[in-house]
């Protein structure tokens, strides 16, 4: 089955003037938002640079990085993606007119947005969670903080860059999809009226207070939510309205990767429903969260984060590169924490494991 790179081969010779934006273009814009434009444009860019030129700068920086990384597969895939986009007529004539990147460990904020300009329209792609533990912590903070810093920043950014634009498209992957929806809902009214579509690609939901708000309801019909069969992130918290389940070439949690989403023509391939593993995770997490209040959620997440960072981990990849060593370091940090904190973690984890075990045999999932 084809993916977004195959789409670029098939549709890449047609400009947006010839063929309007579609949902596969959305995937490409959102994947582009993960590229390290901050390394070549700075963390607060405002002006105009062709996407082709920006990609060439990123590619040059990436190729130097490749020599150090011994050509790991994921970086080679990214280089192939960059070159495919840069060579396509459809994308290489677009401009980046704004880019921002914020990383604030104290505020526990990881935010980035890229604005692509075409036909007096813009697509603002909000970056999802990066490899940092700060970014992951901000995701978990959604369970007890509303709004999180990146949602507030998303509104500010949209209001700032959209004044003289006639048509606006928003999108994001993972946390970026959530920020796209929040920004579209809570931006200035005159800007909200110009929003055509908001693409939420496997992004988490919101609190009931948000999804029942007038601001959210005003843009609900323009939200397109796409989740893979084994979606975990996309079923977190509350998402009103319909969503489409899409087919992925990967299995399990790896379906979150946009490169794996299967494409036919200019559409993403649909399937009937999420699979049993997705329903299991969703039911287990919902059951667990219903049993603990906001204060307990915050305490659990804050303590767990402090334990992991006290073991000198900064990135999620640090944890996965050597799981045995990582686990040992976290256990050591946990053991040295005070008794009250250990009891909080122990009690809530026991509750989670009990619910998870019970749901394994549930016929309703």
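In the numbering used here, the protein residues as written are 10 to 374. Even for Gly, the Cβ is constructed at its ideal location relative to N, Cα and C.
Using only the alpha-carbon positions, how far apart do residue i and residue j sit?
i	j	result
residue 272	residue 133	22 Å
residue 19	residue 116	44 Å
residue 27	residue 140	37 Å
residue 214	residue 94	30 Å
residue 211	residue 230	17 Å
residue 254	residue 235	6 Å
residue 160	residue 185	9 Å
residue 183	residue 293	20 Å
residue 311	residue 344	16 Å
residue 103	residue 119	26 Å
residue 301	residue 295	10 Å
residue 357	residue 48	41 Å
residue 361	residue 321	26 Å
residue 233	residue 32	9 Å
residue 108	residue 63	11 Å
residue 282	residue 250	15 Å
residue 155	residue 110	21 Å
residue 199	residue 349	51 Å
residue 172	residue 201	11 Å
residue 147	residue 270	26 Å
residue 79	residue 338	Residue confidence is low: residue 79 scores 48 on pLDDT, short of 50, so the model does not pin down where it sits. No coordinate-derived value is stated.
residue 29	residue 370	48 Å
residue 363	residue 96	53 Å
residue 217	residue 247	6 Å
residue 52	residue 162	14 Å
May I ask which residues mark the beginning and end of the beta strand (DSSP E) holding residue i?
i	result
residue 180	176–182
residue 157	No beta strand (DSSP E) holds residue 157; DSSP gives it neither H nor E.
residue 253	253–255
residue 107	104–113
Under DSSP, the alpha helix (DSSP H) around residue i begins and ends at which residues?
i	result
residue 437	Residue 437 lies beyond the stretch modelled for the chain, which goes from 10 to 374, so this question has no answer here.
residue 39	32–41
residue 301	Per DSSP, residue 301 belongs to no alpha helix (DSSP H) and is neither H nor E.
residue 360	348–368
residue 15	13–20
residue 98	98–101
residue 269	It is not in any alpha helix (DSSP H) - residue 269 carries neither H nor E in the DSSP assignment.
residue 345	332–345
residue 199	198–201
Is residue i helix, strand or coil when you go by DSSP?
i	result
residue 126	strand
residue 260	coil
residue 136	coil
residue 239	coil
residue 214	coil
residue 79	With a pLDDT of 48 at residue 79, under the threshold of 50, the predicted position of this residue should be treated as unreliable, though the coordinate-derived value follows. If DSSP states are grouped into helix, strand and coil, residue 79 belongs with coil.
residue 190	helix
residue 149	helix
residue 324	strand
residue 171	coil
residue 53	strand
residue 118	strand
residue 28	coil
residue 46	coil
residue 283	coil
residue 312	helix
residue 371	coil
residue 87	helix
residue 141	strand
residue 247	strand
residue 230	helix
residue 59	strand
residue 319	helix
residue 273	strand
Going by alpha carbons, who is nearest to residue i out of the options?
i	options	result
residue 285	237, 297, 319 and 126	237
residue 100	263, 325, 24 and 371	24
residue 66	86, 55 and 92	92
residue 289	311, 315, 245 and 317	245
residue 365	291, 301 and 352	291
residue 114	348, 314, 69 and 267	314
residue 136	256, 29, 189 and 204	189
residue 219	171, 152 and 106	152
residue 375	129, 52, 233 and 58	Nothing can be reported for residue 375, as the shown portion of the chain is limited to 10 through 374.
residue 165	180, 143, 197 and 232	197
residue 368	346, 297, 316 and 350	297
residue 145	318, 40 and 205	318
residue 180	217, 168, 173 and 193	193
residue 57	127, 21 and 11	127
residue 323	172, 142, 199 and 334	142
residue 98	201, 162, 338 and 16	16
residue 239	68, 221, 265 and 201	265
residue 12	86, 55 and 22	86
Would the region 275–285 count as touching the region 304–313 if we require 3 or more Cβ pairs under 8 Å? no
Below 8 Å, how does it come out for the region 195–212 and the region 31–38: are there three or more Cβ pairs, yes or no? yes
Touching or not, the region 120–138 and the region 42–53, by the rule of three or more beta carbon pairs under 8 Å? yes
I want to know whether the region 259–266 touches the region 321–330 - three or more CB-CB distances under 8 Å. no
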